[in-house]
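Q: To convert a position in the sequence shown, counted from 1, into this note's numbering, add 61.
The beta-carbon is built from N, C-alpha and C at its ideal position, and this holds for glycine as well.
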Amino acid sequence: MSQRRPLIAGNWKMNLNAAQARALVGEIGAASSVHCDVLVCPSYTLIGSVVGQGVAVGAQDIFWMPSGAFTSRVSASMLVDAGCEYVIIGHSETRGRFGKLEVASRTVGYFAETDETCNLKMRAAIAAGIKPILCVGETLEEREQGRTDAVIAEQLRVGLDGVDMATVIIAYEPVWAIGTGQTCDTPEAERVCAMVRAELGSAGEHVRVLYGGSMKASNAPELLCQPNIDGGLVGGASLVADEFLAIVAAAV
Ligand code: PGA
């Protein structure tokens with residue numbers, strides 16, 4: 062039986078104001094769980110509103126330099142100072158390949174995350190004592206080309222290069238399942254999470270591997286009882302207390 066403690070992480074993305082964030086974390090904290098770790102990842106501006114309320118807090122991104130002339134960026138030590146214990150790194154919405162929006166008639170790139178910048182951020186987070194959650198996953202096009210495993214293996218190889226694995230968490234998030242309502246079917250989610258674990262070699266036994274992508278109360282029990290799925294990275298459903306708490310309750 063696995064010794065890995067489940068982790069249910071809510072990625073609030075760019076949502077909520079301070080009052081809404083306090084109310085939501087209050088509901089989550091009041092029902093806080095002893096059988097798994099519970100985490101919320103709000104926008105930077107909301108971190109101060111949710112720390113110290115019985116739920117672990119993480120950020121949605123980090124910059125790897127410790128300080129300096131990097132307008133708009135937030136360093137690892139700033140996150141520690143603000144009370145964060147975790148950080149999401151390399152979410153598909155920040156990776157350069159996917160971080161694009163249609164604006165009027167043209168496409169505007171708004172982030173330029175690569176596997177190399179993910180690696181720099183992993184190192185910076187660990188050096189500061191923050192637990193990093195590295196997101197990996199394939200696009201629909203990559204899946205249809207039969208490249209799912211190769212794409213993820215490369216994201217892991219570069220993203221984890223030279224990284225101390227003791228506190229690392231991996232989230233498998235198929236890009237086509239994020240915010241679409243389309244969940245990766247359970248046997249396939251389990252297969253990819255097992256593949257991720259195998260790629261980690263001897264560290265794989267203790268690293269928590271999460272699934273993310275349209276996880277909700279209705280599909281969480283089936284996903285979370287798989288031997289290689291140690292928790293969830295939850296977007297939309299983490300903004301609704303009852304949904305999120307039902308996912309927490311389903312963690313085994
Ligand atoms: P979703 O988002 O649960 O809304 O699909 C997951 C994520 O982006 O981490």
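1) Kindly indicate which three-state DSSP category Ala120 falls into: helix, strand or coil?
2) How many whole angstroms separate the CB atoms of Ile123 and Val135, which I take to be in contact at a CB cut-off of 8 Å?
3) Expressed to the nearest angstrom, what Euclidean distance is found between the alpha-carbon atoms of Val95 and Ala186?
4) Report all residues from its chain with a CB closer than 6 Å to the CB of Gln121; omit the five preceding and five following residues, and keep chain order.
5) Given this structure, state the Cα-to-Cα distance separating Gly242 from Gly292, to the nearest angstrom.
6) Taking the C-alpha atoms as reference points, what is the distance between Leu217 and Glu202?
7) Closest by CA to Ser299, which one among Met226, Gly262, Ala278?
8) Answer with buried or exposed for His267, where buried requires no fewer than 16 other C-beta atoms within 10 angstroms of its C-beta.
9) Do Ser128 and the ligand PGA come close, with the Cβ less than 7 Å from some heavy atom?
10) For Val99, tell me which candidate among Tyr147, Ser133, Ala130, Lys74 has the shortest Cα-Cα distance.
11) With DSSP as the reference, identify every bridge partner of Leu100, one or two as the case may be.
A: In terms of the structure at hand:
1) Along the sequence shown, one-based indexing puts residue 120 at 59. Note: Ala120 maps to strand in three-state DSSP.
2) For the purposes of this step, residue 123 is identified with residue 62 of the sequence shown, where counting begins at 1. For the purposes of this step, residue 135 is identified with residue 74 of the sequence shown, where counting begins at 1. At roughly 7 Å, the Cβ-Cβ gap stays under 8 Å, so Ile123 and Val135 are in contact.
3) Mapped onto the sequence shown, residue 95 falls at position 34. Mapped onto the sequence shown, residue 186 falls at position 125. Rounded to whole angstroms, Val95 to Ala186 spans 26 Å at the Cα level.
4) Within the sequence shown, numbered from 1, the residue matching residue 121 stands at position 60. Correct list, in chain order: Cys102, Ile149.
5) Here the question's residue 242 lines up with position 181 in the sequence shown. Here the question's residue 292 lines up with position 231 in the sequence shown. In a straight line, the C-alpha of Gly242 is about 18 Å away from that of Gly292.
6) Reading the sequence shown from its first residue, position 156 is the one you call residue 217. Reading the sequence shown from its first residue, position 141 is the one you call residue 202. Between Leu217 and Glu202, the C-alpha separation is close to 19 Å.
7) Numbered from 1 along the sequence shown, position 238 holds the residue referred to as residue 299. Checking every option, the nearest Cα to that of Ser299 belongs to Ala278.
8) In the sequence shown, the residue the question calls residue 267 occupies position 206. Exposed, because fewer than 16 other Cβ atoms sit within 10 Å of the Cβ of His267.
9) Counted from its first residue, the sequence shown places residue 128 at position 67. The answer is no for Ser128.
10) Residue mapping note: residue 99 aligns to position 38 of the sequence shown, counting from 1. The shortest Cα separation from Val99 among Tyr147, Ser133, Ala130, Lys74 belongs to Tyr147.
11) On the sequence shown, residue 100 is found 39 positions in, with the first residue counted as 1. Ala70, Ala117, per the DSSP bridge assignment.
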